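Under the working numbering, the first residue of the sequence shown carries the number 1, and numbering increases by one thereafter. Glycine included, C-beta positions come from ideal geometry on N, C-alpha and C. If you're wondering where the values come from, they're calculated on a predicted model, not measured in any experiment.
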Amino acid sequence: MELRSLASSASDCLPGAHRIHIARFDAATGNPAAVTSEAAPADSGNYVQRALDHVRQIGRTLGFAATQPVEFVADPEYQTASSGAVAVHLQQTYKGIPIFQAAQTVRFEPNGAIKETVGSSTTVTEDVATTPKLNVREAVLCAARHVAEPREDEMGVKDPFGRSLELPRVNLEGFEPHPIAAYPEKPEKPTVLDAGPFGDRSKASLLWFAVGDDLRLTWEVILTMPAFAGQYRVLVDAETGEIQYCRQLVRSVTARGNVYRVDGGEARQMTDFPRPLADYVPPASPGLPPEFPDTWVENDLTVGNSVLAHVGDSGAPIVGTQQNGVLLFDPPDAQGDEQKVLNVFYFDCVMHDFFYLLGFTERDGNFQNNNLGRGGRGSDRVDARAHPQPVYGTANMSTPVDGFSPTMNMGPVDPQHHTALDSSVVFHEFTHGVTNRLVGGPANTQALDAPQSCGMGEGWSDYIPCTINNTVVVGDWVVSDPAGIRGFPYDSNFPDHFGKLGTGRYDEEHNIGEIWCATLLEMNRNIGVRLGLQLVVDALKLTPANPSFVDGRDAILAALDSMRQGGKLTDNQFEATRDGIWKAFAKFGMGPAAQSNGASLSGIVADFSVPATTPPTSPTPSGKVEATPNLPIPDNQPAGVTHGLTFTQVGRIKRLVVSVDIEHTWIGDLRVSLTTPTGKTVVLHNRKGGGQKNLIASYRSDDVLALAGLLGDQAQGTWSLHVADLASADVGALRRWGLEFNLETAGSTIQGEAVPAAGIPDNNPAGVISSIDIARRGTVLGMKVGVDITHSWIGDLRVELIAPSGQTATLHDRSGGSEDNLIRCYDSVTSPAITTLVGQSIQGTWRLRVTDCAARDTGKLNRWNLELTV
Numbered sequence: 001m002e003l004r005s006l007a008s009s010a011s012d013c014l015p016g017a018h019r020i021h022i023a024r025f026d027a028a029t030g031n032p033a034a035v036t037s038e039a040a041p042a043d044s045g046n047y048v049q050r051a052l053d054h055v056r057q058i059g060r061t062l063g064f065a066a067t068q069p070v071e072f073v074a075d076p077e078y079q080t081a082s083s084g085a086v087a088v089h090l091q092q093t094y095k096g097i098p099i100f101q102a103a104q105t106v107r108f109e110p111n112g113a114i115k116e117t118v119g120s121s122t123t124v125t126e127d128v129a130t131t132p133k134l135n136v137r138e139a140v141l142c143a144a145r146h147v148a149e150p151r152e153d154e155m156g157v158k159d160p161f162g163r164s165l166e167l168p169r170v171n172l173e174g175f176e177p178h179p180i181a182a183y184p185e186k187p188e189k190p191t192v193l194d195a196g197p198f199g200d201r202s203k204a205s206l207l208w209f210a211v212g213d214d215l216r217l218t219w220e221v222i223l224t225m226p227a228f229a230g231q232y233r234v235l236v237d238a239e240t241g242e243i244q245y246c247r248q249l250v251r252s253v254t255a256r257g258n259v260y261r262v263d264g265g266e267a268r269q270m271t272d273f274p275r276p277l278a279d280y281v282p283p284a285s286p287g288l289p290p291e292f293p294d295t296w297v298e299n300d301l302t303v304g305n306s307v308l309a310h311v312g313d314s315g316a317p318i319v320g321t322q323q324n325g326v327l328l329f330d331p332p333d334a335q336g337d338e339q340k341v342l343n344v345f346y347f348d349c350v351m352h353d354f355f356y357l358l359g360f361t362e363r364d365g366n367f368q369n370n371n372l373g374r375g376g377r378g379s380d381r382v383d384a385r386a387h388p389q390p391v392y393g394t395a396n397m398s399t400p401v402d403g404f405s406p407t408m409n410m411g412p413v414d415p416q417h418h419t420a421l422d423s424s425v426v427f428h429e430f431t432h433g434v435t436n437r438l439v440g441g442p443a444n445t446q447a448l449d450a451p452q453s454c455g456m457g458e459g460w461s462d463y464i465p466c467t468i469n470n471t472v473v474v475g476d477w478v479v480s481d482p483a484g485i486r487g488f489p490y491d492s493n494f495p496d497h498f499g500k501l502g503t504g505r506y507d508e509e510h511n512i513g514e515i516w517c518a519t520l521l522e523m524n525r526n527i528g529v530r531l532g533l534q535l536v537v538d539a540l541k542l543t544p545a546n547p548s549f550v551d552g553r554d555a556i557l558a559a560l561d562s563m564r565q566g567g568k569l570t571d572n573q574f575e576a577t578r579d580g581i582w583k584a585f586a587k588f589g590m591g592p593a594a595q596s597n598g599a600s601l602s603g604i605v606a607d608f609s610v611p612a613t614t615p616p617t618s619p620t621p622s623g624k625v626e627a628t629p630n631l632p633i634p635d636n637q638p639a640g641v642t643h644g645l646t647f648t649q650v651g652r653i654k655r656l657v658v659s660v661d662i663e664h665t666w667i668g669d670l671r672v673s674l675t676t677p678t679g680k681t682v683v684l685h686n687r688k689g690g691g692q693k694n695l696i697a698s699y700r701s702d703d704v705l706a707l708a709g710l711l712g713d714q715a716q717g718t719w720s721l722h723v724a725d726l727a728s729a730d731v732g733a734l735r736r737w738g739l740e741f742n743l744e745t746a747g748s749t750i751q752g753e754a755v756p757a758a759g760i761p762d763n764n765p766a767g768v769i770s771s772i773d774i775a776r777r778g779t780v781l782g783m784k785v786g787v788d789i790t791h792s793w794i795g796d797l798r799v800e801l802i803a804p805s806g807q808t809a810t811l812h813d814r815s816g817g818s819e820d821n822l823i824r825c826y827d828s829v830t831s832p833a834i835t836t837l838v839g840q841s842i843q844g845t846w847r848l849r850v851t852d853c854a855a856r857d858t859g860k861l862n863r864w865n866l867e868l869t870v
C-alpha cells in the first residue's frame with residue numbers, strides 16, 4: 001500500500017496528465033517489477049535523458065529508500081523496434097558502483113510517450129562503505145581457486161549432444177595475479193590482469209550484491225579457461241573472500257540438424273555470397289540501407305565485415321580462387337577442415353543478414369567490424385572457429401559487450417558429424433549472441449543470468465533454427481537421431497508447461513528452454529511465421545534484464561501493441577494477433593494470472609485461461625472534406641494534375657479514408673499519390689488494372705499499409721492528390737476526391753496575450769522580442785498566432801515565432817512591399833511555417849521577434865496573442 005501511495009504522489013509531479021500505476025511486484029525484492037504510464041506526453045527524441053529523468057521522478061515508487069539516491073547509468077544506444085517503439089536500458093548503481101541484476105527498462109510508445117518501466121530495483125536503507133578489504137589480486141586468486149577444479153556436483157555432466165562434458169582444470173601452482181591496466185579513479189575500479197594459466201586476460205571490478213536485506217561489496221571477476229573451455233563470472237565478497245556467485249558464461253549449443261545449406265546430410269550446393277534477400281523468411285523493409293545486403297567477403301578469404309572464420313584457435317581462414325571474375329570457395333574434401341570453416345562462415349553470414357532484416361542492426365549492437373557510419377560500436381565481427389578436436393560443450397559461443405568480438409567454437413560430435421556443418425547448431429549459437437546483445441541492451445552481458453532467463457536464452461536459440469528450417473526437432477542430423485537432442489518434439493503435442501518449472505527435469509536451463517521454445521513455435525502456428533519472428537525480435541529489445549517467462553510474454557504483447565500504435569496493424573489485425581498470442585501462452589500455462597518469484601524457479605503459478613476478448617473500439621467520427629475539381633489529366637505527362645483539400649480540424653489521425661473518382665479509359669496508365677500537409681507522400685495506385693475503365697475506389701488505413709503509416713500524424717492542413725498519366729493514347733479527368741478522418745480526441749485550448757507596445761529598431765538585426773509564458777504542460781496539436789504591428793513599409797519586416805525548445809517558425813519574411821501595418825492571424829492550417837511547431841511541448845516561454853531589415857521606415861509591435869490546442 002505504501003508503494004501504491006507513493007505512485008499516486010509521484011504522479012502529481014509528472015508533466016501534464018501523466019499518471020503511473022504499479023502493474024506487478026517482484027517477489028524477490030518486494031519492489032515493483034512493472035510501473036505503467038497513462039496519458040504520458042508524446043515527445044520524440046531525447047529518449048535516454050527522458051528515461052533517466054522519469055526513473056528519478058518515480059524513484060520512491062520503484063522502491064528506493066527516502067535517503068537513497070536514485071542512481072542509474074544508461075546504455076547510450078537505445079533500441080528501436082520495427083514499430084518505432086523505443087527501449088532505454090538503465091543499470092542501477094549505488095555510489096557509482098553497479099548493483100547485481102538491478103536494472104530498469106523504460107519503454108516508449110511509437111509516438112514517443114512513456115509506456116512503462118519494467119525491471120528490478122534494489123532498496124538501500126543504510127549507508128554502505130565502498131572501500132574493499134580485499135585488493136583485486138586477492139579477489140582474483142579467490143575466484144581462480146574456486147573454478148580451477150570441478151566440484152563434485154559437476155562430475156558426470158553431459159552436453160546437449162550426449163557427450164561427456166570434460167570439465168577443464170587449471171594448475172594454479174605459482175600463480176600470482178598481476179594487473180596490467182587499472183582505473184582506480186572510477187568507483188568500480190575496473191582492472192585487467194594478465195592471463196597467467198588461464199586462456200585469456202582476466203577482468204575484475206567492484207559490484208554490489210544483495211544478500212537478503214544486506215548489500216555486500218564484491219569483486220566481479222571474469223576468468224577464461226584454457227583452450228577456451230569455458231568462461232566464468234565469479235563474485236567474491238570484498239571483505240571475507242567468500243564466493244557469493246559463480247556462473248559459466250559460455251553458452252553450449254542446443255542444436256538441430258541440416259547441412260551445407262541445412263546440414264551435412266545433403267549434397268553441397270554452389271550458392272551466391274551474399275544470399276538474395278528474397279531467400280529469407282523476414283521480408284526486406286523500406287528502411288534498409290540502400291546497399292544492403294553488404295558484401296560478405298573481403299579479399300579472397302573467409303573473412304568479412306561480419307565474420308572471421310578459421311581453423312581452430314589460431315589457424316588460417318580458407319582461400320578462394322578466382323574463376324571468370326568470381327571468387328570461388330570449393331573445398332575438395334566435402335568433410336574436411338576447409339569445408340567446416342567455409343560452412344560456419346556461410347551460416348554466420350546468413351544469420352547476420354537474417355537478423356538485420358528483423359532489426360538487429362548496428363545501433364542494437366550487431367556483429368560487424370565496420371559499422372559503416374550507421375551507429376553502434378564496430379570491431380566486433382564474429383570470430384568463428386571450426387576445431388578439428390572436441391571443444392567444451394561440443395559447440396559454444398561467448399558474447400562480450402558491444403565493440404568486442406564474440407567467439408564461436410564449433411567442434412565434432414563424432415568422426416562423421418561436425419557442428420560446423422549443421423545449420424541448426426550454428427544458428428542456435430548465433431542466436432545466443434543476439435539475445436545477449438538485445439536483452440537489457442548491448443552494454444549488459446549479464447542480462448540472462450537468472451534461472452528462467454537462462455532457459456529463455458536456450459529457448460530462443462532453438463526457436464530461431466526451428467523456424468528457419470521449418471522443423472520441430474533440433475540436432476537430429478548431428479547426433480544421427482530423428483528425435484533430435486531435446487526431450488520432446490516442438491509440436492502442438494508438447495506435453496509440459498510453465499507450471500512444471502523447478503520440478504523434475506525442468507531445473508536445467510536447456511530443459512527449461514524447451515517450454516519457452518514450444519510456446520513461441522505454437523505462437524508462430526497461431527499468428528504466422530513472419531509476424532511471429534518480428535514480434536520476438538522486437539520484444540527482445542523491450543525485455544528487461546534477467547526476465548521471467550511472464551516478462552517475456554509481456555514484452556511480446558508490448559511489441560504487438562507498439563505495432564498497432566505505429567500503424568503497422570489495423571485494429572482487427574491487432575485483435576486477431578493478440579488472441580493468437582494469448583492462446584499460445586495460455587496453452588503452456590502462461591495466462592494472465594501466471595506468476596513466479598521473479599525469474600527464479602520458486603513461486604511458480606500456472607494459469608491456462610485466456611483473457612476475455614474485447615471488441616475493437618470504434619474510432620470517433622471526426623470530419624471529412626471533398627471536392628469535385630473535374631480536372632483533365634494530361635496524357636503521358638509525369639507532371640500530371642494536382643488538387644488540394646484543406647482540413648481545418650485539429651487532431652492526430654486515428655483512421656483515414658481517401659476516396660477517388662477518376663474517369664479514364666485505361667487505368668493501367670495512372671499513378672495516384674497523396675501528399676500530407678507535412679510533405680509525406682503515399683502512393684495509392686501505381687499503374688494497375690490494365691485496360692479497365694475508370695478508377696473509382698476508397699483507400700482505407702485499415703487495409704493500405706502506406707496509409708497506416710500516417711496514423712498518429714496531424715490531420716490539420718492542406719492535403720494534395722496527384723494524378724499522372726504515364727502512357728500515351730488514353731485520357732481522362734479527376735472528377736472527384738475526398739478525405740474522411742477519425743481523430744484522436746483533442747484536448748483543450750490555451751491562450752496567451754502580450755501588449756508590449758514596443759518600438760521596432762530601424763534596420764537593426766536585433767529587432768524587438770516579446771514573450772508569453774505558458775505554465776501548463778502538453779503537446780501542440782494546433783496553433784494560431786495573431787500579430788498587430790504598426791509600420792509604414794511592411795516589406796522591411798521579418799516576424800518569427802520561437803518555441804520554448806528554441807525551434808523557430810518564420811511568419812512573415814519581407815513581403816508586402818510598401819503596404820502599411822501588419823495586422824494578421826497565422827494558423828497551422830494556412831501557414832506551413834507554423835505546421836513545423838506541431839508536436840512541440842507547450843510549456844515554457846514563447847517569443848515573438850520582429851526585425852526591421854531596411855533603413856528609413858519605422859514602426860511598433862503593439863500586441864500579439866497565442867492560441868495553442870493540446
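* 6 Å CB neighbourhood of residue 64 in its chain, flanking five on each side removed -> Around residue 64: 70.
* Asked: Closest to residue 354 by CA distance: which of 468, 404 and 641 is it?
  -> 468
* **Chain-order list of residues whose beta-carbon lies under 6 Å from that of residue 808 (same chain, five-residue window excluded)** => 800 and 802
* Asked: With C-beta atoms as the reference, is residue 718 less than 9 Å away from residue 869?
  -> no
* Is residue 375 buried or exposed, if buried means 16 or more other CB atoms sit within 10 Å of its CB? -> exposed
* Leaving aside the five residues before and after residue 333 along the sequence, list all residues of the same chain whose C-beta is less than 8 Å from its C-beta, in chain order. => 339
* **Alpha carbon of residue 496 to alpha carbon of residue 509, nearest angstrom** => 15 Å
* To do: Measure how close the beta-carbons of residue 357 and residue 465 come, nearest whole angstrom, since I'm counting them as under 8 Å.
  => The Cβ separation is near 16 Å, so there is no contact.
* To do: Classify residue 418 as helix, strand or coil using the three-state DSSP reduction.
  => strand
* Asked: What three-state label does DSSP hand residue 753 in the structure shown?
  -> strand
* At a cut of 8 Å, does the region 721–730 reach the region 816–827 through at least three beta carbon pairs? -> no
* **Segments assigned alpha helix (DSSP H), at least 4 residues, entirely inside the region 345–418** => none
* Asked: residue 184 to residue 192, Cα distance in whole Å?
  -> 12 Å
* To do: On a CA-only basis, which of 866, 822, 791 and 837 is nearest residue 855? Give me that one, please.
  => 791
* To do: Using only alpha-carbon positions, find the residue among 344, 231 and 351 that is nearest to residue 275.
  => 351
* Determine the extent of the alpha helix (DSSP H) in which residue 245 is found, giving its start and end residues. => Looking at the DSSP string, residue 245 is not in any alpha helix (DSSP H); the run it does join, the beta strand (DSSP E), is 243–248.
* Any idea what DSSP makes of residue 871, helix, strand or coil? -> Here the chain has residues from 1 to 870 only, and residue 871 is not among them.
* Asked: If you check the beta carbons only, do residue 667 and residue 690 fall under 9 Å apart?
  -> yes
* Measuring alpha carbon to alpha carbon, tell me which of 441, 450 and 676 ends up nearest residue 538. => 441
* To do: Have a look at the DSSP bridge pairing and note the partners of residue 20.
  => 37
* Among residues of its own chain, excluding the 5 on either side of residue 150, which ones have a beta-carbon nearer than 6 Å to its beta-carbon? -> 167
* May I have the straight-line CA-CA distance separating residue 234 from residue 507, to the nearest angstrom? => Those two C-alpha atoms are separated by around 21 Å.
* Where does residue 221 fall in DSSP's three states? -> Looking at residue 221 - three-state DSSP - the assignment turns out to be strand.
* Nearest to residue 649 by alpha carbon, out of 543, 641 and 677? -> 677
* Span of the alpha helix (DSSP H) holding residue 145? -> 136–148
* Where are the alpha helix (DSSP H) runs, 4 residues long or more, that stay fully inside the region 702–773, in chain order? -> 705–708
* Between which two residues does the beta strand (DSSP E) carrying residue 94 extend? -> Run containing residue 94: 86–94, per the beta strand (DSSP E) assignment.
* To do: Tell me whether residue 396 is buried or exposed, calling it buried when 16 or more other Cβ atoms sit within 10 Å of its Cβ.
  => buried
* What residues in its chain sit with their C-beta under 7 Å from that of residue 850, if we drop five residues either side in the sequence? -> Excluding sequence neighbours, residue 850 sits near 760, 767, 768, 789, 797, 799 and 861.
* Asked: If we count the other Cβ atoms within 10 Å of its Cβ and call it buried at 16 or more, is residue 20 buried or exposed?
  -> By the Cβ neighbour-count rule, residue 20 is buried, with 16 or more other Cβ atoms within 10 Å of its own.
* In the DSSP assignment, find the unbroken alpha helix (DSSP H) run with residue 583 in it and report its ends. => 571–587
* Rounded C-alpha distance that separates residue 549 from residue 434 -> 18 Å
* Whole-angstrom C-beta distance between residue 751 and residue 838, which should lie under 8 Å -> About 17 Å separates the two Cβ atoms, so there is no contact after all.
* Asked: How many angstroms separate the CA atom of residue 848 from the CA atom of residue 762?
  -> 17 Å
* To do: State whether the region 388–395 contacts the region 318–330, with contact taken as three or more CB pairs (one from each stretch) at a distance under 8 Å.
  => no
* Asked: Name the DSSP beta bridge partners of residue 825, please?
  -> 786
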